[in-house]
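Per my numbering, the sequence shown starts with residue 29, numbered consecutively.
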Amino acid sequence: MTTHVKNILKEIKKGLSQLYGKRLRGLVLYGSYARGDNREGSDLDILVILNEFERSPIELDRTEDLMSELSLKYLITISPLFMREKDWLTADKPLLRNVRAEGVPI
Numbered sequence: 029m030t031t032h033v034k035n036i037l038k039e040i041k042k043g044l045s046q047l048y049g050k051r052l053r054g055l056v057l058y059g060s061y062a063r064g065d066n067r068e069g070s071d072l073d074i075l076v077i078l079n080e081f082e083r084s085p086i087e088l089d090r091t092e093d094l095m096s097e098l099s100l101k102y103l104i105t106i107s108p109l110f111m112r113e114k115d116w117l118t119a120d121k122p123l124l125r126n127v128r129a130e131g132v133p134i
């Protein structure tokens, strides 16, 4: 993982920690950047694990300023996916199996 990506992830973690506090249970980088096969134009896929939340669209709105600011600063599209901690721990869906297998905890 490049220093550039590490810096982005560090800022994402800091910003989300400030926004969510103890509600934030974990962050996982997944997709092409986690596998190391990213290319120019690849987005940065981030799983955001929260203890609870109402709906993903609400969380997307809540994090829009942070993600937009960092996307513009680093010239990369950041794609957050929100999940409840209990679903992360128990759900058995293809996407989650891939994230668990290939994901990189942040």
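Idealized CB from N, CA, C, for every residue including glycine.
This one's a predicted model, so the numbers in the text were calculated from it and none came from an experiment.
- Among Y48, K114, L72, which has the Cα closest to the Cα of K34? Taking the first residue of the sequence shown as 1, we reach residue 34 at position 6. Residue L72 is the option with its Cα nearest to K34.
- Task: For G54, write down the residues that DSSP places opposite it in a beta bridge.
- Result: Counting from one through the sequence shown, the residue named residue 54 turns up at place 26. G54 pairs with I77.
- Counting only runs that start and end within the segment 99-127, where is the alpha helix (DSSP H) found for 4 or more residues in a row? 113-118
- Task: Rank R63, D65, L94 by C-alpha distance to the C-alpha of Y48 and give the top, closest one.
- Result: Stepping through the sequence shown from its first residue, residue 48 is reached at position 20. Of the listed residues, the one whose Cα sits closest to Y48 is L94.
- Item | Sheet register partners of L72 (DSSP bridge) | The residue labelled residue 72 in the question sits at position 44 within the sequence shown. Paired residues: I106.
- Message: If distances are taken between C-alpha atoms only, which option among N66, S99, L109, T105 comes closest to I86?
- Response: Counting from one through the sequence shown, the residue named residue 86 turns up at place 58. Among N66, S99, L109, T105, the Cα nearest to that of I86 is on L109.
- Between the CA atoms of I40 and K101 - distance to the nearest angstrom: As a working mapping, residue 101 is identified with position 73 in the sequence shown. As a working mapping, residue 40 is identified with position 12 in the sequence shown. About 12 angstroms.
- Opposing strand residues paired with V132 [DSSP bridges]: Against the sequence shown, residue 132 aligns to sequence position 104. Note: V132 sits in a beta bridge opposite L57.
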